[in-house]
Amino acid sequence: MKAETILTAELEYESQSLLGEGPVWDARARRLIWVDIEGFAVHLYDPVARDHGAINVGQFVGSLAVRKSGGLVLALKSGFATLDPETGEITPIADAESHLPDNRFNDGKCDPAGRFWAGTLALDEDNGAGKGNLYCLGADHRVELKIPGVWISNGLAWTEDERTMYYIDSPAQKVVAYDYDKASGEIANPRTVITVPASEMGYPDGMTIDEEGMLWIAHWDGGHVCRWNPRTGEEMAEIKVPVSRPTSCVFGGEDFGTLYITSARTRLSAEKLAAEPLAGSVFKCRPGVRGLPMREFAG
Ligand code: CA
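Heads up: the sequence shown begins at 57 in my numbering, then just goes up one per residue.
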């Protein structure tokens, strides 16, 4: 499959993030926030002032979201927690997997009702088939198991009409759509809408959705972010990234027209790292389409 439109991403912020992931555009503070899962860090970056800061959270941090009431919600190794980025104070909310010490949280995002969804994987990823789970943290701080038995829980997105959820379990090489009920948070009727050819394109990782309902998916070990049409399953555009492991992306900036892309340097060989010294950095591209504002956590 060949995309018709080929674009190129440029460097936005040079970082040595081991596993840069989960970018969030904080529209109120006009800043990009991302996690370094294996570097135990939350990064905060103002792309206009070029002002960067990082908070060490002392453990794996899989993903985060902005809270409506202020601060951030995190999916930590020890479970869901809030973080006050001014003081660095972490307050635990709930630990969904206290019985699974060999798992950690991975990608997460808020749904249209302001619930925070985040999934897990086994620390021993290669032997982790079926060991991960997708959870949903409600505004009332109760945790619900949504999809059990996944492998590497990754990208999430909801359509603008708030009726469909998209989900990626990376080793399955596909995007699955679910009917989504905003009032109850229930999902139903899973069906495959995109299949990513293995080996050619790497693994589908994090994703975001644009104003036309198309999905932008980072291809781990593919060296690109691709725009996919979930209605036809076709690849529409490709952004070349100067690193092999882009991990996720989000639209931000004043007009939501800049796609920010995170990346990883973890487990790359010395030869690979020499060939891609920017691995772990944040890249950007203006593909000519806008994203949607991210939902905030209501709890
Ligand atoms: Ca990921």
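Glycine is no exception: its CB is placed at the ideal position from the N, C-alpha and C atoms.
- For ligand 1, residues qualifying as neighbours are E77, N162, D163, N210, D261, G262, T303, S304, where qualification means a beta carbon closer than 6 Å to at least one of its heavy atoms (chain order).
- Taking every protein chain shown into account, the CB of N162 has 16 or more other CB atoms within 10 angstroms, so this residue is buried.
- The C-alpha of N159 is placed about 8 Å away from the C-alpha of E153.
- Look at P343 here: in three-state DSSP terms it is coil, with no helix or strand label.
- No Cβ-Cβ contact shorter than 8 Å links P148 with A131.
- By the beta-carbon neighbour count (other beta carbons within 10 angstroms, threshold 16), H275 is buried.
- Straight-line spacing of the CA atoms in R171 and Y316 works out to 23 Å.
- Counting only the Cα atoms, A331 lies some 28 Å from M292.
- With a threshold of 16 other beta carbon atoms within 10 Å, E77 meets it and is buried.
- Boundaries for A105: no alpha helix (DSSP H) harbours it, and the DSSP string shows neither H nor E there.
- For K328, the enclosing alpha helix (DSSP H) covers residues 326 to 331.
- A Cβ-Cβ contact shorter than 8 Å links V122 with V80.
- Between the C-alpha atoms of L177 and N112 there is a straight-line separation of about 22 Å.
- The DSSP-derived three-state label of D266 is strand.
- The C-alpha of C305 lies about 16 Å from the C-alpha of R86.
- Excluding the 5 residues flanking it on each side, T248 has same chain C-beta neighbours closer than 6 Å at K230, V232, in chain order.
- Restricted to the region 214 to 273, the beta strand (DSSP E) segments that are unbroken, complete and at least 3 residues in length are 220 to 225, 230 to 236, 243 to 251, 259 to 265, listed in chain order.
- When the beta-carbon positions are compared, V206 and L193 stay at least 8 Å from each other.
- Counting only the Cα atoms, P168 lies some 27 Å from A97.
- Excluding its 5 nearest sequence neighbours in each direction, K187 has C-beta neighbours in its own chain below 6 Å: A178, listed in chain order.
- Taken through DSSP and simplified to helix, strand or coil, E181 comes out as helix.
- Less than 8 Å separates the beta-carbon of A65 from that of F339.
- Just so you know, the alpha carbons of E268 and S255 end up roughly 28 Å apart.
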